[in-house]
Amino acid sequence: MTSIVGVTGGASGIGAAICRELAERGHTVVVTDVDEAGARALAAHLPAAHACALDVTDAAACAHAVAVIEREVGPLTAWVSNAGVSRMAPFLEIDEAQFDFTLDVNLRGLFFASQAAARVMAARKSGCIVNIASMAGKQGRVPFLADYVASKFGVVGLTQAMAFELAPLGIRVNSVCPGFVATDMQVRELEWEARLRGTDPDSVKRQWIADTPMGRLEQPQDVARVVAFLLSPDAAFITGESIAVNGGAFMD
Ligand SMILES: NC(=O)c1ccc[n+]([C@@H]2O[C@H](COP(=O)([O-])OP(=O)(O)OC[C@H]3O[C@@H](n4cnc5c(N)ncnc54)[C@H](O)[C@@H]3O)[C@@H](O)[C@H]2O)c1
């Protein structure tokens with residue numbers, strides 16, 4: 007049976023790597039993103055892929071996107087809530103607008119996107135969901151990202167709560183916690199952290215690599231392979247888990 011997987015924030019970075027990895031492994035991928043052109047451009051280069059505009063901060067749009075996928079592509083067997091944002095600022099300077107923006111995408115958006123997918127899976131008593139959290143979802147010892155840390159700890163807790171309630175409905179739910187991943191988000195964070203520390207982006211990058219026992223920046227595909235594993239039958243008895251994929255940068 008064909009596996010149909012929806013991915014949020016799939017147009018770039020980790021989400022795009024997840025779409026590529028899953029497509030190469032034979033899944034039918036639906037690339038969704040607030041950047042519709044980016045989603046369509048990626049889907050055009052993947053075997054058997056589809057694209058769909060989706061801003062996860064709009065809960066009604068999440069439900070609508072899932073309904074469109076079910077009608078036009080087929081029954082969703084898996085869902086990856088990957089869309090996320092970050093902005094760096096000292097805790098004392100984070101205002102309501104920044105807090106709301108971060109929580110709106112990373113936690114509220116993920117909640118309603120994963121819920122929309124879970125609702126159609128529940129009706130069939132079968133499915134698998136992966137939420138993308140972060141190393142900053144397991145430790146708060148992270149500079150200038152207090153709102154992001156709060157959102158990602160929320161994702162780890164939500165993953166457990168979802169797994170607990172959805173297990174009797176045949177749905178597994180896990181999250182993946184990446185470390186220092188080389189994406190556009192990282193390029194922005196290198197600039198911010200350098201400015202906030204009064205140094206340059208290359209020095210920050212060297213520090214992040216020095217903080218990683220495996221001695222290199224993480225690549226989006228490092229995350230994508232673990233997502234593919236969690237969606238595979240090899241992970242059939244794993245649920246409620248938040249798997250660190252960070253080259254040893256944080257061990258819990
Ligand atoms: N890069 C890292 O070091 C790192 C580390 C840990 C966790 N993460 C997490 O991995 C995920 C992907 O991060 P990335 O580094 O690939 O970021 P990125 O900025 O490179 O890509 C994020 C994607 O999400 C999309 N997006 C943003 N807001 C959206 C919204 N409201 N609705 C739908 N799509 C939206 C963007 O258009 C973009 O395509 C995020 O959840 C992020 O928090 C990243």
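Quick note on my numbering: the sequence shown kicks off at 7 and runs consecutively.
Heads up, the beta-carbon is just placed ideally off N, CA and C, and yes, glycines get one too.
Please say whether Gly253 and Pro226 have beta carbons closer to each other than 8 Å? no
Cβ atoms of Asn137 and Glu247: under 8 Å apart, would you say? no
6 Å Cβ shell around Gly143 - same chain, five flanking residues per side excluded: Closer than 6 Å at Cβ, skipping near neighbours: Lys158, Phe159, Val161, Val162, Cys183.
Check whether the Cβ of Pro184 lies closer than 7 Å to any heavy atom of ligand 1, and answer yes or no. yes
Measuring straight from C-alpha to C-alpha, what distance separates Ala71 and Ala156? 27 Å
Which one or two residues does DSSP pair with Gly12 in a beta bridge? Val36, Trp85
Roughly how many angstroms lie between the CA atoms of Arg26 and Leu52, to the nearest whole one? Cα to Cα, the separation comes out at about 7 Å.
In the structure shown, what three-state DSSP assignment does Glu224 receive? strand
Inside the segment 51 to 113 only - alpha helix (DSSP H) runs reaching at least 4 residues: Taking only runs of at least 4 residues, the alpha helix (DSSP H) segments lying wholly in the segment 51 to 113 are 65 to 78, 102 to 109.
Straight-line CA distance for Phe150 to Val91? 14 Å
Is it true that the CB of Ala54 sits closer than 8 Å to the CB of Thr38? no
Taking C-beta to C-beta, are Ala223 and Ala250 nearer than 8 Å? For clarity, residue 223 is Leu in the given sequence; the question names Ala instead. Going by C-beta atoms, Leu223 is not nearer than 8 Å to Ala250.
Thinking C-alpha only, which one of Thr245, Tyr154, Thr165, Ser238 is nearest Ala95? If you compare the alpha carbons of Thr245, Tyr154, Thr165, Ser238 with that of Ala95, the shortest gap goes to Tyr154.
Output needed for Val191: all residues of its chain with C-beta closer than 7 Å, excluding positions within five of it in sequence on either side, in chain order. In the sequence as presented, Val is not what sits at residue 191; that position holds Met. The answer, listed in chain order, is Gly19, Ser92.
If distances are taken between C-alpha atoms only, which option among Pro174, Cys68, Ala84, Leu109 comes closest to Ile5? A question about residue 5 goes unanswered here, because the residues of the chain that appear run from 7 up to 258.
Considering just the uninterrupted stretch of the beta strand (DSSP E) at Ala17, what are its terminal residues? Looking at the DSSP string, Ala17 is not in any beta strand (DSSP E), and its letter there is neither H nor E.
If we count the other Cβ atoms within 10 Å of its Cβ and call it buried at 16 or more, is Met257 buried or exposed? It counts as exposed.
For Gly133, list the residues DSSP reports as bridge partners. Ile177
Could you say which of Ala22, Ala89, Ala123 lies nearest to Phe107 if we only look at CA atoms? Ala89
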